[in-house]
Amino acid sequence: MKLKVINTILFLSLSQFSFATPPEKPNSCPSVSGLQAVGISEVIKENGLWYGAVRSNSYDTNDQWTFAIGAFRATNENDAKQQALHAVDSLIFERGPIGIDIEGQDSWVCLYKDRSGHSAATITPAMAYLHSWIAHH
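Start counting at 1 in the sequence shown, then tack on 2, and there's your number in the numbering used here.
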């Protein structure tokens, strides 16, 4: 399951130097209603596919999260954003928080899907820099 998340949603990766201590497990994942209230703040094109993202938001929790959803085949940035927003409107929580290692950083991920089968994830600690997981691995 972790590989599926990495291949479908966690194409976004954080290049962090180090943390003094691993983050504590979050009490809860961001709620679907919290994700829907925020929506998408940007879209990113990677290898011909588009992903919707929010770099950092607490949603309805005590933690800062990065959100990503995709992948979408779109004709342009506006089309990609509309598809991502439509997908967020039909999100369903799957499971989490699940411990995962992202480039040596202990992180927590929560998994979601939309009605069309697009995968989505929230990741804490929030990712300060978005890079292509595909290009780096």
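Beta carbons: idealized from backbone N, C-alpha and C, even for Gly.
Residue burial classification, residue i (beta-carbon count within 10 angstroms, cutoff 16)
| i | result |
| --- | --- |
| residue 119 | exposed |
| residue 122 | buried |
| residue 82 | buried |
| residue 54 | buried |
| residue 106 | exposed |
| residue 92 | exposed |
| residue 21 | Residue placement at residue 21 is flagged as unreliable, the pLDDT there being 39, under the threshold of 50; the coordinate-derived value follows with that caveat. Residue 21 should be labelled exposed. |
Other residues of its chain near residue i: CB distance less than 7 angstroms, five sequence neighbours each side excluded
| i | result |
| --- | --- |
| residue 65 | 28, 126 |
| residue 41 | 87, 90 |
Inter-residue Cα distance where the pair is residue i and residue j
| i | j | result |
| --- | --- | --- |
| residue 78 | residue 86 | 12 angstroms |
| residue 134 | residue 45 | Low local confidence applies: a pLDDT of 42 at residue 134 is under 50, so the model's placement there is unreliable, with the coordinate-based value given in what follows. If you take the alpha carbons of residue 134 and residue 45, they lie about 13 angstroms apart. |
| residue 32 | residue 69 | 10 angstroms |
| residue 59 | residue 50 | 27 angstroms |
| residue 25 | residue 62 | 18 angstroms |
| residue 36 | residue 129 | 18 angstroms |
| residue 94 | residue 39 | 14 angstroms |
| residue 103 | residue 52 | 24 angstroms |
| residue 84 | residue 73 | 13 angstroms |
| residue 98 | residue 80 | 31 angstroms |
| residue 30 | residue 108 | 17 angstroms |
| residue 75 | residue 67 | 25 angstroms |
Cutoff 6 angstroms; reference residue i; Cβ partners in own chain excluding five residues on either side
| i | result |
| --- | --- |
| residue 89 | 71, 116, 120 |
| residue 100 | 111 |
| residue 43 | 56 |
| residue 124 | 32, 67, 69, 112 |
Residue(s) in a DSSP beta bridge with residue i
| i | result |
| --- | --- |
| residue 124 | 69, 112 |
| residue 85 | Paired residues: none, contrary to the question. |
| residue 97 | 113 |
| residue 103 | 108 |
Close beta carbons around residue i, own chain, < 8 angstroms, minus the five adjacent residues each side
| i | result |
| --- | --- |
| residue 5 | Low local confidence applies: a pLDDT of 38 at residue 5 is under 50, so the model's placement there is unreliable, with the coordinate-based value given in what follows. So the list is empty, once near-sequence residues are dropped. |
| residue 34 | 93, 94, 95, 114 |
**Request:** Can you check the stretch 41-71 for any beta strand (DSSP E) of at least 3 residues that lies completely inside it and give the ranges in chain order?
**Result:** Listed in chain order, the complete beta strand (DSSP E) runs (minimum 3 residues) inside the stretch 41-71 are 44-48, 51-59.
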